[in-house]
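Undergrad: Shown below is the structure under consideration.
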Amino acid sequence: MKVLSVASEAYPLIKTGGLADVAGALPAALSAFGVDMRVLLPAYPAVMAKISKPRKSIPLPKLLGAEARLWQVKAEGIDWFLLDAPDLFNRTGGPYVDASGQDYGDNWRRFAAFSKAAALIAEGAVEQWKPDLVHMHDWQAALAPLYLAQGPAAGMPTVMTVHNLAFQGQYGADIFAGLELDSSAFSLDGLEYYGDVCYLKAGMLWANAITTVSPTYAQEIRTPEFGMGLDGVVNARADDLYGIVNGIDTDVWNPATDPHIAENYDLSRRTARKANRKALVERFELDPRHKGPIFTVVSRLTWQKGMDLLVETVDDIVAMGGRLAILGSGDRALEGALLGAAARHRGRVGMVLGYNEPLSHLMQAGGDAILVPSRFEPCGLTQLYGLRYGCVPVVAHTGGLADTVIDANEAALAAGAATGFHFGQVTADALRRAVHRTVRAFEDKKTWALIQKQGMKADVSWERSALRYTDIYKNLIKK
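The sequence shown begins at 1 in UniProt numbering and counts up by one.
Following this line, the structure appears as structure tokens:
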């Protein structure tokens, strides 16, 4: 079974968020079930810098007026098609924003062309490899099933995965003429959305199946609260909607072999975490004399991620005896507030602005508990890394967080099933109470060991999820 995966970022070639981890891990996970998955990715400069020997150059017709070709590459164990369209992707900023952090003004064209390239591959642009199915990820790839439907490969099965419904690819109606689509597509039953063009709506309407990244989130997005204006579309496609929890790459995220941490360990050698705790204390300039738990945060600093709640509770975390290590960037006001907290509580709160992959590994290996207070979280990966590394997750009861972490209530503790701590209402008071529960459990070494060990035993691999994707693919191809 041959599947083309269409993703605007994929680890390890390019990463800005969790989408990259998923897109990079799926090919290997699915290969165990006989799926030959190849990934279409834009040839950003950062990507091409990691490629030493492109295998083959494949010419393409102009994509929305842009000269383009595909590089066929084998790298990091994955077969890639890199879309080389210099006018669209050869830029000095990131995948979606320029050097000043502003969205590129022509993102609509860049990712429409990207989607069209996916359709061309499905139509046979690559000799000796034609997919049986196309799997699109998020709005950047969401026009692919529409281009397919209006071309010679109409009828090819498609799967649309929504990693975060908040990001929809919405643009003014004036761009529609530049998409080279049939005029009938701009309608209420098409990609028209309150007078605008909505890429994600198109993907959700034209794809044969829709998946999102946890069962709870699949239910949440059917409601006005979480549906981001598209709950009507989601409900119309409810029979074709599947919630599949993400896994993690357990080779990359493995405390027994991780090259980024101070000392390797596993479930039977949890005491070796002490060396990582010491390294974390030094890296964030925390006072080693304090014995309370070290809470870690690895996150975009945004309202969605609940970072304003963290700002409100920093003083309480310190007052309860905790220390706090923060890695992230985002909203400038939140960055400033948290930097201020680090200055105010020197030795108890440390912060590193930006994202640093090796440091994020050390924070899981050396931290005691990881805070994930998201207002909504389709799946979340940091809590899965925390489980794997024995960094106990403290999470809001939403989306994939609710599906992957078992709250340490009395019943779960008695059954030996608890793996972390939930809080129901996403408020500062609820977060304070969850932190208080965590500190109390940390002070009881027996209870803490039970929670930590149960989390490290959790199956956070891709195996079960990959099997579900494979079943969906097979059913669609049979139809």
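Glycine is no exception: its CB is placed at the ideal position from the N, C-alpha and C atoms. Quick caveat: nothing in here was measured; it's all calculated off a predicted structure.
1) Considering Cα atoms alone, identify which of Gly354, Leu339, Gly350 and Val392 is closest to Gln364.
2) So, under 8 angstroms CB-CB, Ser465 and Gly247 are touching, yes? Tell me the CB distance rounded to an integer number of Å.
3) Suppose the cutoff is 7 angstroms on Cβ atoms and the five residues either side in sequence are ignored; what does the same chain contact list for Ala417 look like?
4) Could you compute how far the alpha carbon of Val311 sits from the alpha carbon of Lys474?
5) Excluding sequence positions up to five away, which residues of its chain have a Cβ less than 6 angstroms from the Cβ of Ser299?
6) Since Ser31 is in the alpha helix (DSSP H), which residue starts that stretch and which ends it?
7) Go to Ile14, then tell me how far its alpha helix (DSSP H) extends in each direction, as first and last residue.
8) Return the CA-CA distance between Met307 and Ser374, expressed in angstroms with no decimal places.
9) Using a Cβ distance threshold of 8 angstroms, determine whether the segment 373–389 contacts the segment 287–294, with at least three qualifying pairs required.
10) Leaving aside the five residues before and after Asn107 along the sequence, list all residues of the same chain whose C-beta is less than 7 angstroms from its C-beta, in chain order.
11) Excluding the five sequence neighbours on either side, which residues of its own chain have a C-beta within less than 7 angstroms of the C-beta of Phe73, listed in chain order?
12) I'd like to know if the segment 160–172 and the segment 202–212 are in contact, where contact means that at least 3 CB-CB pairs between them fall below 8 angstroms.
13) What did DSSP end up calling Glu127 once you bin it into helix, strand or coil?
14) Inspect the beta-carbon positions of Ile370 and Thr296 and report whether they are closer than 7 angstroms.
15) Between which residues of its own chain and Asn208 is the CB-CB distance below 6 angstroms, once the five residues before and five after are set aside?
16) Determine the extent of the beta strand (DSSP E) in which Ala99 is found, giving its start and end residues.
17) Is it the case that the CB of Val352 approaches a heavy atom of the ligand FMN more closely than 6 angstroms?
18) Helix, strand or coil, according to DSSP, for Thr250 in the structure here?
19) To which residues of the same chain is Arg222 closer than 7 angstroms at the C-beta, ignoring the five residues directly before and after it?
20) For Asp138 and Ser268, which I take to be in contact (beta-carbon distance under 8 angstroms), what is that distance rounded to the nearest angstrom?
21) Would you check if there are 3 or more beta carbon pairs closer than 8 angstroms linking the segment 8–22 to the segment 55–69?
TA: So, from the listed chains and residues:
1) Val392
2) 5 angstroms
3) Ile406 and Gln454
4) 47 angstroms
5) Lys305 and Gly328
6) Gly18 to Ser31
7) Where Ile14 is concerned, there is no enclosing alpha helix (DSSP H), given that its DSSP letter is neither H nor E.
8) 8 angstroms
9) no
10) Tyr96
11) According to the sequence as given, residue 73 is Val; it is not Phe. Correct list, in chain order: Ile51, Pro54, Arg55, Trp80 and Leu82.
12) yes
13) coil
14) yes
15) Pro157, Thr158 and Leu476
16) Note, Ala99: premise wrong, no beta strand (DSSP E); not H, not E.
17) Absent from the structure shown: the ligand FMN. Ligands present: none.
18) coil
19) Asp231, Val234, Asn235 and Ala238
20) Incorrect: roughly 39 angstroms between the Cβ atoms, too far for contact.
21) no
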